[in-house]
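In my numbering, the protein residues as written are 36 to 296.
Beta carbons: idealized from backbone N, C-alpha and C, even for Gly.
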């Protein structure tokens, strides 16, 4: 990227009024490819200005809104814009107090958008309902390759919905579910899809209360999977015997896959 194609304004105390002025420029700009607005206390009002600019701009590819104050109202405005935008490739919405209603809006956006390849929703309490909405969109979406849902209050029902999506999705390569609570039931649901899915390359299930049974279930499912290259099972209390059984399953069923325990 050239110097004029990247703009980083992280941690600059930019107000909503400041965002509005920036977005007026973005609406007509034809060179900016990456915009970093992390940690600027942008509220739903500022998000509305951002959304308007995204509906007009046709060059921006990367937008980072991590650690702002979008809440559901602001994230919903961004979601509507993403549904109309055809150039944005990565969207970071980590730490924005987003819940299920905004996740539903983002799911709808994924049904309309064909350019976004990476969506980061980590550290937002979207819960099972939000995860299910995004998962439903993945059944039809053919663009997204990376989905980050760490620490998002997702349990077994959300994992089951994601598993159902993975059974039919052929483009997602990275799924990060670290720090949720999918448990053994969620692990079984994901394991069923891993026997069918051939596109996923990296799966992070760190700190998900899998226990030995859940972790072994995931490892044993790899016999029918030839795409997965890396699994993270750290922090799941698998124990020594569980670790041995998982290692053996990986060696015999998926020798090309690396596992972290």
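Exercise for the section: Tell me whether residue 238 sits in a helix, a strand or coil according to DSSP, three-state version. Expected result: Of the three classes helix, strand and coil, the one that applies to residue 238 here is strand, per DSSP.
Handout entry: Reduced DSSP secondary structure (H/G/I, E/B, other) of residue 146
Key = In the structure shown, residue 146 adopts helical secondary structure according to DSSP, grouped into three states.
Practice task
Go through the region 121-175 residue by residue and report every complete run of the alpha helix (DSSP H) that reaches 4 residues or more, in order.
Solution key: Taking only runs of at least 4 residues, the alpha helix (DSSP H) segments lying wholly in the region 121-175 are 135-147 and 162-173.
Practice task
Give a single yes or no on whether residue 256 has its beta carbon closer than 7 Å to a heavy atom of the ligand GTP.
Solution key: The model on display carries no ligand, and the ligand GTP is accordingly not part of it.
Exercise for the section: Please name the residue or residues paired with residue 181 in a DSSP beta bridge. Expected result: Residue 181 pairs with 153 and 209.
Problem - Between the CA atoms of residue 127 and residue 68 - distance to the nearest angstrom - result: Rounded to whole angstroms, residue 68 to residue 127 spans 15 Å at the Cα level.
Exercise for the section: Give the straight-line distance between the Cα atoms of residue 215 and residue 103, rounded to the nearest whole angstrom. Expected result: If you take the alpha carbons of residue 215 and residue 103, they lie about 22 Å apart.
Problem - Secondary structure, beta strand (DSSP E): runs of 3+ residues fully inside the region 214-282 - result: Runs of the beta strand (DSSP E) lying entirely within the region 214-282 and spanning at least 3 residues, in chain order: 237-239 and 265-267.
Practice task
Express the C-alpha separation of residue 191 and residue 237 in angstroms, rounding to a whole number.
Solution key: Computed Cα separation, rounded: 20 Å.
Handout entry: Integer-rounded CB distance, given that residue 58 should sit under 8 Å from residue 321
Key = Given that the chain is displayed from residue 36 to residue 296, the structure contains no residue 321 and the question cannot be resolved.
Practice task
Compare the beta carbon distance of residue 164 and residue 135 with 8 Å and say whether it is the shorter of the two.
Solution key: Yes; because the gap between Cβ atoms is below 8 Å, this pair is in contact.
Exercise for the section: Taking residue 230 and residue 260 to be in contact with their CB atoms under 8 Å, please state how far apart those CB atoms are, rounded to whole angstroms. Expected result: Between residue 260 and residue 230 the Cβ distance is about 6 Å, and since that is below 8 Å, they are a contact.
Exercise for the section: Could you pull out every residue in the same chain whose Cβ sits closer than 6 Å to the Cβ of residue 129, ignoring the five residues on either side in sequence? Expected result: The answer, listed in chain order, is 101, 155, 157 and 158.
Handout entry: Coil, strand or helix - residue 96 by DSSP
Key = In the structure shown, the three-state DSSP call for residue 96 is coil.
Practice task
Kindly give me the distance between the Cβ atoms of residue 249 and residue 222, rounded to whole angstroms, as I take these residues to be in contact under 8 Å.
Solution key: Right, the Cβ-Cβ distance comes to about 3 Å (below 8 Å), so this counts as a contact.
Practice task
Assuming residue 245 and residue 268 form a contact by the criterion Cβ under 8 Å, report the distance between their Cβ atoms to the nearest whole angstrom.
Solution key: Going by Cβ atoms, the distance from residue 245 to residue 268 rounds to 7 Å, so yes, they are a contact pair.
Exercise for the section: Per DSSP, which residues does residue 294 bridge with? Please list them. Expected result: Partner(s): 266.
Practice task
Determine whether the Cβ of residue 79 lies closer than 8 Å to any Cβ atom of chain C.
Solution key: Of the chains in the structure shown, none is chain C; there is only one protein chain.
Problem - Straight-line gap, residue 47 to residue 170 (C-alpha atoms, nearest Å) - result: Between residue 47 and residue 170, the C-alpha separation is close to 35 Å.
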